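To keep things clear, I will list the structure first and then write my remarks on it.
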């Protein structure tokens, strides 16, 4: 018997999926107050080569067995080569021309990766080579032979998902990033963590306060899926619908391409072409599974990442909630991941099943907050209509923050061309003024650093209004106070806040300003996202006006533990990503030209902010005698 599971948990092989899900056989985790708070939060599996139906993707098996190195491959056009000429930083990359195309457009999430005005990016915000591959895929899947093969893959993947949901799992100890315990076989196998495709697997079982149909709809609509999982999915395009299925998506089969990411430019995105299949397994149980299509379409863009059978089983409960078993099982090459993220990425922690389940719970929290008629807390009363407008705007702000911070090809990150700043990335965005976006040219700059304190302490400093002058240059001559907040979920630290900025200098003539801020924390990660809002826009929002008409530029912070953690643990350090989105005060006609003044201002802003954040904790660390932790 594998350790960590009781006898009853292993005797499920002959039960139906619905019976087993309805029972307490599977380990559970408490989400939003539902479920067993003592259940393990994350479990993993690595299986032998003949497990999980390897029969239908021999190419994947061959790559894994031979450990084919992919570490030297570069994504897209690679890192830009900057050179300073005549006080202007110039990008020397060769830019390709657009590929002409006449035909149906793949469906893409509106606003996801579509705001870059780079001369070599097409209308979807993707490079021409990626778009050409998408077009080739959408045409290829239209043949009857290919449809039959994809359906075979999907059915086999669904059976594998069911098998893995019942399989006896040993807990995966995330603390050992290069090891994964083989369930039920009693031996450990080292897995390569750099330069090769290596396995990442995790399973999460939890209860969430959403019904089955709401979850299925969110997963099967590519637009909603990318929007609701924006901290994990940077782009999703629906390439083909092989079978639309019933009104409740039974039998629905579609082909998609997606980029999976964590919001930092120091971790490359994971591209994949895959089939997504939904099937009704019993009257109250449904399955949704993804399976990569590399054995049918071995395009170069997909050789760095493969989705083996991954997805979820959803069992609807009589009280309207759902029991979810989510499994992530992938092969990935992490050789280009920055060294400070190697541990949490190579372990599978940041892309693991727990984060997907938490995202569903977060959507439930948002829906509850939208329906909550309780007056807001604070000096400013927010009406129910104003609450809806504010919540919708901050959700849009949060998605834009995740996309702006992503390592996606859309962002065209370039290293700041100043000595000693290799980890500071910068990009330029040109866009016309439209609802929700400021017109003109803007600069986005980001970096990620290690902080020697737990994420919760970093989050507390960055989210509290009274602490803002400790790290924000612009707030040092101002008083910042929270006028009102809307708590989202059961944790009062996860909230939407209206912050008033009061200039205390005697000669002040500035108009009043506000920050609209979203703070969120869970056991896997945390973020603080904010945008300045002027008085007319804030008044309009509070009266229930259209949030789509409010222009904003989002800045903020994201925090991960500096190492994988198990339930009940707390890391002693944090990985902090900082992102600022600012207007360029010296615009040029050339999209890839930045004045030295713009570069120096950008460098001072981000390096000074990081320095002030570190100083807050280094002083406290020294006063405590060098002890790390709380």
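Residue numbers (my numbering): 39 to 668.
We treat Cβ as the ideally placed atom computed from N, Cα and C, and that holds for glycine.
Every value quoted in this text rests on a predicted model; they were computed, and no experiment measured them.
Heavy atom of the ligand FMN within 7 Å of residue i beta-carbon
| i | result |
| --- | --- |
| residue 333 | Because no ligand of any kind appears in the structure shown, any question about the ligand FMN cannot be addressed here. |
Span separating the alpha-carbon of residue i from that of residue j
| i | j | result |
| --- | --- | --- |
| residue 587 | residue 238 | 42 Å |
| residue 129 | residue 460 | Because the pLDDT at residue 129 is just 39, under 50, the model does not fix this residue reliably, and the value given afterwards should be weighed accordingly. Their Cα atoms are separated by approximately 16 Å. |
| residue 398 | residue 571 | 29 Å |
| residue 483 | residue 434 | 20 Å |
| residue 382 | residue 599 | 8 Å |
| residue 379 | residue 562 | 14 Å |
| residue 550 | residue 506 | 17 Å |
| residue 452 | residue 462 | 8 Å |
| residue 606 | residue 387 | 15 Å |
| residue 315 | residue 528 | 33 Å |
| residue 632 | residue 467 | 12 Å |
| residue 516 | residue 646 | 18 Å |
| residue 367 | residue 298 | 14 Å |
| residue 241 | residue 205 | 10 Å |
| residue 614 | residue 254 | 33 Å |
| residue 603 | residue 307 | 23 Å |
| residue 464 | residue 356 | 51 Å |
| residue 584 | residue 531 | 27 Å |
| residue 511 | residue 418 | 26 Å |
| residue 372 | residue 450 | 20 Å |
| residue 309 | residue 252 | 27 Å |
| residue 495 | residue 509 | 14 Å |
| residue 574 | residue 420 | 16 Å |
| residue 344 | residue 384 | 14 Å |
| residue 431 | residue 569 | 10 Å |
| residue 275 | residue 342 | 19 Å |
| residue 545 | residue 577 | 26 Å |
Whether residue i touches residue j by CB criterion (8 Å)
| i | j | result |
| --- | --- | --- |
| residue 655 | residue 559 | no |
| residue 296 | residue 317 | no |
| residue 29 | residue 396 | The structure shown does not extend to residue 29, since the chain is modelled only from 39 through 668, so no value can be given for it. |
| residue 236 | residue 332 | no |
| residue 363 | residue 201 | no |
| residue 456 | residue 637 | yes |
| residue 579 | residue 408 | no |
| residue 521 | residue 536 | yes |
| residue 503 | residue 518 | yes |
| residue 189 | residue 291 | yes |
| residue 651 | residue 618 | no |
| residue 262 | residue 360 | no |
| residue 448 | residue 648 | no |
| residue 195 | residue 347 | yes |
| residue 437 | residue 265 | yes |
| residue 424 | residue 582 | yes |
Own chain, CB closer than 6 Å to residue i, minus 5 neighbours either side, in chain order
| i | result |
| --- | --- |
| residue 566 | 500, 501, 557, 594 and 595 |
| residue 620 | 481 |
| residue 349 | 199, 326, 327 and 328 |
| residue 293 | 179, 277, 278 and 313 |
| residue 22 | Because the chain in this structure spans residues 39 to 668, residue 22 falls outside the shown range and cannot be described. |
| residue 192 | 291, 313 and 315 |
Neighbourhood of residue i by C-beta distance below 7 Å, restricted to the same chain and skipping five residues each side
| i | result |
| --- | --- |
| residue 548 | 541 |
| residue 422 | 411 |
| residue 533 | 523, 524, 525, 526 and 557 |
| residue 354 | 249, 250, 322 and 360 |
| residue 446 | 151, 272, 273, 297, 299 and 307 |
| residue 689 | The first residue shown for the chain is 39 and the last is 668, placing residue 689 beyond what the model contains. |
| residue 653 | none |
| residue 665 | A caution first: residue 665 carries a pLDDT of 47, below 50, which makes its placement in the model too unreliable to give a value. |
| residue 187 | 334 |
| residue 616 | 484, 485, 595, 644, 647 and 648 |
Beta-carbon contacts of residue i that lie in its chain and below 8 Å, excluding the five residues immediately before and after
| i | result |
| --- | --- |
| residue 622 | 466, 478, 479, 480, 481, 632 and 636 |
| residue 185 | 179 and 280 |
| residue 270 | 298, 299, 300, 389, 393, 394 and 397 |
Between the stretch 603 to 615 and the stretch 488 to 504, do at least 3 Cβ pairs fall closer than 8 Å? yes
For the stretch 378 to 394 against the stretch 281 to 297, do three or more pairs of beta-carbon atoms, one drawn from each stretch, fall closer than 8 Å, so that the two count as touching? No, they do not touch.
Cβ contact (3+ pairs, closer than 8 Å) linking the stretch 426 to 444 and the stretch 577 to 595: yes
Is the stretch 402 to 412 close to the stretch 547 to 557, with three or more CB pairs under 8 Å? no
Taking only runs that begin and end inside the stretch 575 to 629, name each unbroken alpha helix (DSSP H) of 4 or more residues, in chain order. For the stretch 575 to 629, not a single whole alpha helix (DSSP H) run of length 4 or above is found.
Complete alpha helix (DSSP H) runs within the stretch 361 to 413 (minimum length 4 residues, chain order): Counting only runs of 4 or more, we get 380 to 384 and 391 to 409.
Any chance you could list the beta strand (DSSP E) runs of at least 3 consecutive residues sitting entirely within the stretch 526 to 582, in chain order? Runs found: 533 to 541, 551 to 559 and 564 to 572.
May I have a chain-ordered list of the beta strand (DSSP E) segments no shorter than 3 residues that lie completely inside the stretch 457 to 516? Counting only runs of 3 or more, we get 463 to 469 and 478 to 489.
If you scan the stretch 234 to 301 from start to end, which runs of the alpha helix (DSSP H) of 4 or more residues do you find wholly inside it? Complete alpha helix (DSSP H) runs here, min 4: 250 to 258 and 260 to 266.
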